[in-house]
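The sequence shown begins at 0 in numbering that gives the first Met the number 0 and counts up by one. Each residue gets a CB set at the ideal place from its N, CA and C atoms; glycine is no exception. Every value quoted in this text rests on a predicted model; they were computed, and no experiment measured them.
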Amino acid sequence: MKNKSRCGWVGKDQIYIDYHDEEWGVPVYDSELLFQHLLLDGVQAGLSWITVLKKRENYRKAFHQFDPLKMARLTDAQLDKHLTNEGLIRNKLKIYGFRKNAKAYLELSKRESFSDFLWQFVDGQPVQNRWPDLKSVPANTEQSDAMSKALKKAGFTFVGTTICYAFMQAVGMVNDHTVDCFRHRQLK
Numbered sequence: 000m001k002n003k004s005r006c007g008w009v010g011k012d013q014i015y016i017d018y019h020d021e022e023w024g025v026p027v028y029d030s031e032l033l034f035q036h037l038l039l040d041g042v043q044a045g046l047s048w049i050t051v052l053k054k055r056e057n058y059r060k061a062f063h064q065f066d067p068l069k070m071a072r073l074t075d076a077q078l079d080k081h082l083t084n085e086g087l088i089r090n091k092l093k094i095y096g097f098r099k100n101a102k103a104y105l106e107l108s109k110r111e112s113f114s115d116f117l118w119q120f121v122d123g124q125p126v127q128n129r130w131p132d133l134k135s136v137p138a139n140t141e142q143s144d145a146m147s148k149a150l151k152k153a154g155f156t157f158v159g160t161t162i163c164y165a166f167m168q169a170v171g172m173v174n175d176h177t178v179d180c181f182r183h184r185q186l187k
């Protein structure tokens, strides 16, 4: 796979290559996996994705495999302890945001499937884009604006439109592999 043409954002780090080749842009419909992705994309705010990707397993361990029921019951003392965990990004708002988002997820899930809620912004089907290069890919769209607004209204945090668009790319709601990337054709 080393000689394959990939999106311009993929570096030389094997964890990044594997993420691009196996995960990024693959449609995800499982509500709890979507929740996990949304949380991790929110942690990325102001940072590079590789930083979060390298810490992903630490987040899974610290936050009970992203079990929203367990996360919603975390105490301030437990969250404060995470602020000393070098395996995490030690930002108090982001750490506390995990609990807030778990509570919002549980509340929203009483009314509808989280997956259905999120996929409605692309009419339930991945949007097939045809970007010629990385600089053509937008940072946000009308769909990510609408998703962001709806998530904030539902009580979520760290869900700005740019974060929502990165999330939509990661979970395959949009196929933003550039046309020269071997994954673009595979995910079409």
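By a C-beta neighbour count over all protein chains shown, 10 Å radius and 16 as the cutoff for buried, is residue i buried or exposed?
{"i": "R5", "result": "buried"}
{"i": "S47", "result": "exposed"}
{"i": "S112", "result": "exposed"}
{"i": "P207", "result": "Only positions 0 to 187 of the chain appear in this structure, which leaves residue 207 out of reach."}
{"i": "Q87", "result": "In the sequence as presented, Gln is not what sits at residue 87; that position holds Leu. Buried."}
{"i": "K93", "result": "buried"}
{"i": "I162", "result": "buried"}
{"i": "H182", "result": "The displayed chain sequence assigns Arg, not His, to residue 182. Looking at its Cβ environment, which holds 16 or more other Cβ atoms inside 10 Å, R182 is buried."}
Taking the C-alpha atoms as reference points, what is the distance between residue i and residue j?
{"i": "L117", "j": "M146", "result": "7 Å"}
{"i": "E106", "j": "N139", "result": "26 Å"}
{"i": "K99", "j": "H81", "result": "15 Å"}
{"i": "Q64", "j": "P137", "result": "31 Å"}
{"i": "S135", "j": "L39", "result": "24 Å"}
{"i": "Y58", "j": "A169", "result": "17 Å"}
{"i": "K54", "j": "G24", "result": "20 Å"}
{"i": "M0", "j": "A76", "result": "Here the model assigns M0 a pLDDT of 48, short of 50, so the residue's position is not dependable and the matter cannot be decided."}
{"i": "E22", "j": "R184", "result": "15 Å"}
{"i": "V42", "j": "V158", "result": "10 Å"}
Using only CA atoms, which one of the options lies nearest to residue i?
{"i": "S36", "options": "K11, P67, L133, D12", "result": "Residue identity check: residue 36 is His in the sequence provided, not Ser. Among K11, P67, L133, D12, the Cα nearest to that of H36 is on P67."}
{"i": "S108", "options": "D20, Y15, D29", "result": "D29"}
{"i": "M70", "options": "K54, K53, G96", "result": "G96"}
{"i": "R72", "options": "K187, A101, N174", "result": "A101"}
{"i": "S114", "options": "T156, T161, P26", "result": "P26"}
{"i": "Y164", "options": "F155, S143, D175", "result": "S143"}
{"i": "T156", "options": "M172, L133, Y104, D12", "result": "Y104"}
{"i": "A153", "options": "R110, N128, L186", "result": "R110"}
{"i": "M172", "options": "K148, T160, G123", "result": "G123"}
Could you tell me which residues DSSP pairs with residue i in its beta bridges?
{"i": "V173", "result": "V126"}
Notebook entry, point to check: Taking only runs of the beta strand (DSSP E) that begin and end inside the region 3-66, which ones reach a length of at least 3 residues, in chain order?
Noted result: Within the region 3-66, no complete beta strand (DSSP E) run reaches 3 residues.
### Task
Would you list, in sequence order, the uninterrupted alpha helix (DSSP H) runs of no fewer than 4 residues that lie entirely inside the region 128-173?
Counting whole runs of 4 or more residues, the region 128-173 contains the alpha helix (DSSP H) stretches 141-152, 160-169.
Kindly provide the ranges of any alpha helix (DSSP H) runs that are 4 or more residues long and lie completely inside the region 82-127, ordered along the chain. 91-108, 113-118
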